[in-house]
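Enquirer: Dropping a structure here in structure tokens format, bear with me for questions.
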Amino acid sequence: MWWAGLMTGTKLNLLVVMTFVAILVCGSLYSSVGVSANESTVFYVAELGSQDPAVNEGSLATGYDNGAVIAEKAQQDQRSQFCENIGQIDEQDVMFYGRIPGGWIGFGLDKVILLKENTDGRVILSFEGSFGVAPRGVGLVQHRLNYFLGDRGTYTDIRGFTSVIYNEVWPGISVAYRATEKGAKYEFQVSPDGDPSNIKIRCDGHDSYKLESTSLSLLKDKAAFVDEGLKAFQDEKTIEAKFVARGPQTFGVEVGDFDHSQMLVIDPLLYSTYIGGSDMEGYAESGPQFSVAVDSSGCAYVTGFTESSDFPFVNGYANSSGDWDCVVFKLSASGDYLHYSTYVGGSNSDVGRSIAVDALGNAYVTGHTNSMNFPLVNAYDSTLDNADCFVFKLDADGASLNYSTFVGDSGSDYGESIEVDSSGNAYVTGWTTSSNFPLVNAYDNTYNGDFDCFVFKLSISGDSLDYSTYVGGSGKEGEDASLAIDSLGNAYITCATNSADFPFVNAYDSTLDGNYDCVVFKLNSTGNGLLYSTLVGGSGSTPDVEDKSFAIAIDSTGSAYVTGNTYSSDFPTVNAYDSSLSYMDCFVFKLNAAGNDLLYSTFVGGDSMEFAFSIAVDDLGSAYVTGVTSSSDFPTVEAYNDTRSGPERECFVFKVNSTGNDLLYSTFIGGTGKDTGNSISVDSSRHAYVVGVTTSSDFPTVNSYDDSYNGGGLYGGDVFVFKISEEEVGPQIALDREPELPGPEDTVTVTATVTDPNGVAEVILSYSNNSESTWTNITMNSSGINEWTAIIPVHEDELQIYYKVYAKDNLGNWALSSTVSYIVGSATTPPTTTTPTTTTGPTPGPTGPGPDGLPMTLAMVGGGIGLAALGAAVIMLRRRRGWSEPRERGWRDPMERRVVSETVVAAPEDVPEVEEPELELPEDSEEGVQVLRGCAVVGGRFEYKVKVVNNTDYVITNIMISIIAFPEDCMELSGNRMKTIGRIEPRAFRSPQFAFIPTKDCVEGQIIASVSYVDHQNKLETVEVEPYVIRSVCDLLKPLKSTLGEFEQLLLEMTSTSEVQTVGWNSQVLFSKVKALLPLKNFHVIESTDEVDDGMFRGTIRGLAEGKYTGKKVAVRVAVSGAVDGKDAKVLVEGLGDDEAMLPTTIEELAAGIRTWICMNCGAALDPEEVRQLQNKVPIQCRYCKYTMTVGF
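So, in structure tokens, the structure goes:
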């Protein structure tokens, strides 16, 4: 039996990573008995005729007939990993393998092997047309496996991986697998140069075969392997996709129309799900009510409260609810199932406010209750006095309470925040009105009046207090208090206070500036002393809201990170991303370890209200914040969604860099209802987990446990949980050299320290001795752990030497270091060139690291956030960064960013002759790889094309084309300066295109391109490209002097060419997208107006549209209207006249509900007769670009 004896009855779940412009995820693989209909996104094994839906979980066999012994922890880990085969299984063609429920999956050269439990028969899926593509393990897991197999031998230190990837199975297409809790899920990763029609998979070993449009069934040994739920997406839009036969026993995927040229955008919303019942889970318009913590496996633990008697209950401690019950659930790392979900409460109101988790998976929860019959176990205090704080510890299975206790006395006592130390002691803060609150070893034994903050430390067993103390003044403090602890047991607390007599120690600010200020204090490990205590705030005087902190986190140095919201325009800002208050903004600040200085402090917000409710910090000192905004202009950076999805308040998530002066990403996430982010947590891989409350029935869901809104009563909503990631893929490079200041007789040893979690495959030193016009490449040698060295030979005195390093990891991701230089014999070192946008040295060519010669495979991604469905088949978009240094994000001021984004440059009236790229491969082309280039002016921008010609007899791969324009301050690149091509076949060519938008008048400029590739000997090669000269830019692109009057006159001369069309979008959302996209599509906006009246939105855009091929300019009016809270926008396009080449294309991209037949090559509108011919499958030729079409979309 295949792999017999290694394990029994264990479920291995597989899921995949998405990395390219277009990604097809074709279901997931797992075996079960009688899978129900709602498991429609998985590839599974089903027993024919069985009615039992249970998956064979089983337990680890410790006495199996071959003597296999595996630790239970390792067994549990294998559910989410693939093991390398070093001989422990007999099938030597299997390089990686893993368990799936009811079966196995194996990975070999050009194939995937499936096996049902307890059988010997294989079903083999072969990648037809690929040649020797080997699987590669990705994401090394922490634990190793050991097998003791009796007379078969002992195999130890076996590595496991979270993913397996086949790179470049077909040109521009890779296949990836990863573990999930539901089964083996996989993707086809289709790059911009990949053609999905090349996907061909042959099935062998099955008894029978059935292929339908969205499902595949392979019958074997009275069981069926089923792949169903094929889906495809691009830029959040569903793309038509279906399985198709590609030959005998061979299938592929056919995809509808999608944008092959669209810029890469990263999409890492790893999962997003609803969780709730038919009644209320939290208020939709209130402060933080749910809390999230994450364990080392990536499982999310959530607490809050529910009124729903049908809240999903799974393997829990209790399943009966009273009024409001505290709820606790543990969500899988993949977000698609609940490990457990339970109520904890009595017959009255019980609210969970905060949760923490220890290394063993035990959950610690605090909140408040007024239930006399709240469940108590090993309690410190078993008497309910009024509304008391509770603390309980729930075991790792969620099935029993290790302890549960009240803490409080005669007044109201609310637990607001909890943390747990490595020993299992729980630390709790909150507020109290009890003058007799229990105190032990207290810093302050006296109740100070009104609301006091309390802090206590509960013993490991939960039956005693190690310390308990008041901290406060004569006013209010402690509401929405937040707590963090360091490794020494010191507690850091923040909240808001209006007490001028709050105790201050070593303070940054000890003066109450407004009605309420934020306060931060640090309590020592014994609870009897303040190490520091300080205010942070401004002079705002709006009652109850002006400077209020909601959350605190700390880093390894003891610096405290605090977030909240403020109305104070003089709130202190230091090293800020945004130093100007817009209205009521979020603040984020970092307080030094001594508590007496701000390392940074910044506003983040738009022109309406923001509330920041939670903060987390990663190992690099980046801060992650979530909350809610009602600002449509909230700053977004590399966003999953850069516009509000509806008119209501919406959840935001942003990440602040370690110095506080930049947003690494910022995004809206929500639907058309109210969406509030409550709590955020970050794991060791820098994935962020967010929980909140939503009333949106269209909240985005991905790989979800529940993708349907369950209702929320009159005022409430459902819980949402999502996991989000900013992927940074590729090696990180640091450089050193010896000697630092070489003389004319010295060789120079360059040392590169290269780190990458996927391992380093290759490192190349590239140096130049002639102002970077030519480069010499040297393969560097490994000289130690993460260190690589190479030698630059002797050079003559006073010569400046430039060098840089390329590094490739085991996935084929390339990264490039800074460009560094030295002058031979000089006593000083020239400055280092750092980011791609920084250039120094001879004009007009760049001397920086620019992308000249950087090879990158299409596995390289980075920066930004968005959806990535980890289940069904998906096409998504990703943006590649690929630099080892942080990218230049440019705009700092949110208002400036908004103004720039709306700038329109009109088209030139007189266009001089320009060079055009070659359209055909020259008959007399030289042998080798050649690069041709040309430029045209279209719609007020330069379209620059680079043609890479492979005039050799071998395939070239990892082609990287990069460009830069000089002067940089007058030519803005519209998109990425780097584009990649996975491979170019012999005697073939590819022609990527770039676009530049002039930002101001210039006299003369240049566009400089560089191309690199990897040849058949796996060597990095570069091709020099002659600069393209642009002269008299100011004359070439002089803006039109179009006035509103001229526009109206043109409009009067036109007749309406379109009828009102209804689109399934919210009118305001659609209008914002139309307004943002039109200027990019040869549409020059002259006037834009919008208004809301009596619940109806109306927006109008007036401008000039330029035909792409005819060059005519016509007056156009676009009107969008609809109910403010509806999803039935009405769109009217008027005045197109005879030239319909541009606008229908634009509207088609904006809303799938508007169906316009257009040329698939140039976007020109087709007339009714052409459409009729296409519908009858008669080929037609576009009258503009002469492109031949045989099908429409």
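Numbering follows our numbering, in which position 840 of the sequence shown is assigned residue number 827; successive positions increment by one, without gaps. Even glycine gets a Cβ: it sits at the ideal position worked out from N, Cα and C. Note that the structure is predicted; figures quoted are calculated from it, not measured.
As an exercise, report each continuous beta strand (DSSP E) stretch of at least 3 residues that is fully enclosed by the segment 300 to 349, in chain order.
Expert: For the segment 300 to 349, whole beta strand (DSSP E) runs of length 3 or above, ordered along the chain, are 312 to 318, 325 to 331, 337 to 344.
Enquirer: Please report the residue range of the beta strand (DSSP E) in which W801 lies.
Expert: First-last of the beta strand (DSSP E) with W801: 801 to 803.
Enquirer: Look up F114 in the DSSP assignment and say whether it is helix, strand or coil.
Expert: Strand, per DSSP.
Enquirer: Can you say whether E1074 is buried or exposed, counting buried as having 16 or more other CB atoms within 10 angstroms of its CB?
Expert: Classification for E1074: exposed.
Enquirer: Go through its chain and collect everything with a Cβ distance to L1119's Cβ below 6 angstroms, but skip five positions before and after it.
Expert: The residues are V1047, A1106.
Enquirer: What are the complete beta strand (DSSP E) segments, minimum 3 residues, inside the segment 726 to 814?
Expert: Entirely contained in the segment 726 to 814, the beta strand (DSSP E) runs reaching 3 residues are, in chain order, 735 to 742, 747 to 755, 763 to 766, 768 to 771, 774 to 779, 787 to 796, 801 to 803, 807 to 810.
Enquirer: By the three-class DSSP mapping on this structure, what secondary structure does Q1160 have?
Expert: Three-state DSSP puts Q1160 in a helix.
Enquirer: For the candidate residues I810, N768, I772, whose alpha-carbon lies nearest to that of Q787?
Expert: Closest by alpha carbon: I810.
Enquirer: Kindly indicate which three-state DSSP category S1059 falls into: helix, strand or coil?
Expert: DSSP places S1059 in helix when its eight states are reduced to three.
Enquirer: Where does S295 fall in DSSP's three states?
Expert: The answer is coil: DSSP assigns S295 none of H, G, I, E or B.
Enquirer: Closer than 7 angstroms by C-beta to N423: which residues in its own chain qualify, once you throw out the five before and the five after it? Chain order, please.
Expert: Here the set comprises D396, S397.
Enquirer: Could you give the DSSP three-state label for N185: helix, strand or coil?
Expert: Note: N185 maps to helix in three-state DSSP.
Enquirer: Considering only residues of the same chain and omitting the five flanking positions on each side of Y351, which have a CB-CB separation below 6 angstroms?
Expert: Here the set comprises A343, K380, I405, V407, A413.
Enquirer: Do G1086 and F1058 have their C-beta atoms within less than 7 angstroms of each other?
Expert: Contact: yes.
Enquirer: I'd like the list of long-range same chain contacts for T513, defined as Cβ closer than 7 angstroms, with 5 residues on each side in sequence excluded.
Expert: The answer, listed in chain order, is N428, Y454.
Enquirer: Looking at the secondary structure, which residues open and close the beta strand (DSSP E) in which G95 lies?
Expert: Run containing G95: 90 to 95, per the beta strand (DSSP E) assignment.
Enquirer: With M965 as the anchor, note down where its beta strand (DSSP E) starts and where it stops.
Expert: Segment 965 to 971, the beta strand (DSSP E) holding M965.
Enquirer: What's the gap between the Cα of G658 and the Cα of G633?
Expert: The alpha-carbon atoms of G658 and G633 are separated by roughly 6 angstroms.
Enquirer: Skipping 5 residues on each side, what residues in its chain have a beta carbon closer than 6 angstroms to that of I100?
Expert: Answer for I100: G93, R109, I111, listed in chain order.
Enquirer: Thinking D375 and D400 are a contact (beta carbons under 8 angstroms), I'd like their distance in whole angstroms, please.
Expert: Right, their Cβ atoms sit about 5 angstroms apart.
Enquirer: Terminal residues of the continuous beta strand (DSSP E) containing Y412?
Expert: What sits at residue 412 in the sequence shown is Asn, not Tyr. Counting along the chain, N412 falls outside any beta strand (DSSP E), and DSSP gives it neither H nor E.
Enquirer: Between the C-alpha atoms of S1029 and G1113, what's the straight-line distance to the nearest angstrom?
Expert: Reliability of the predicted coordinates at S1029 is poor, the pLDDT of 40 falling under 50, and no value is obtained from them.
Enquirer: Just to check my reading of the structure: T293 and E268 have Cβ atoms closer than 8 angstroms, yes? What is that Cβ distance to the nearest angstrom?
Expert: Right, their Cβ atoms sit about 5 angstroms apart.
Enquirer: Please report the distance separating the alpha-carbon of N477 from that of A163.
Expert: Looking at the two C-alpha atoms, the distance is approximately 45 angstroms.
Enquirer: Can the beta-carbon of F558 be found closer than 7 angstroms to that of G582?
Expert: The answer is no: Cβ separation not under 7 angstroms.
Enquirer: For a quick check, are the C-beta atoms of S358 and D337 less than 7 angstroms apart?
Expert: Yes. Within cutoff.
Enquirer: Tell me the rounded alpha-carbon separation between Y941 and R974.
Expert: Approximately 9 angstroms between the Cα atoms of the pair.
Enquirer: Compute the distance between the beta-carbons of D705 and Y153, then report whether it is under 7 angstroms.
Expert: Result no, Cβ atoms of D705 and Y153 do not sit closer than 7 angstroms.
Enquirer: Use the C-beta contact count for K103: other C-beta atoms within 10 angstroms, 16 or more gives buried, fewer gives exposed.
Expert: Under this definition K103 is a buried residue.
Enquirer: Ends of the beta strand (DSSP E) at I73?
Expert: No beta strand (DSSP E) holds I73; DSSP gives it neither H nor E.
Enquirer: Please check the pair F230 and V240, which I expect to be a contact at CB under 8 angstroms, by giving their CB distance rounded to whole angstroms.
Expert: With 8 angstroms as the limit, F230 and V240 qualify as a contact, their Cβ atoms being about 6 angstroms apart.
Enquirer: Tell whether a beta-carbon distance below 7 angstroms holds between F277 and S666.
Expert: Yes, these two residues count as a Cβ contact at 7 angstroms.
Enquirer: Relative to the C-alpha of F135, which candidate in V575, I76, M767 has its C-alpha closest?
Expert: If we check each option's Cα against that of F135, I76 comes out closest.
Enquirer: Indicate the three-state DSSP secondary structure (helix, strand or coil) for S684 in the structure shown.
Expert: S684: coil per DSSP, three-state reduction.
Enquirer: What number of angstroms, rounded off, separates the C-alpha of T623 from the C-alpha of I73?
Expert: Distance between the alpha carbons of T623 and I73: 48 angstroms.
Enquirer: Along the chain, where does the beta strand (DSSP E) containing E1121 start, and where does it finish?
Expert: 1116 to 1121 is the extent of the beta strand (DSSP E) around E1121.
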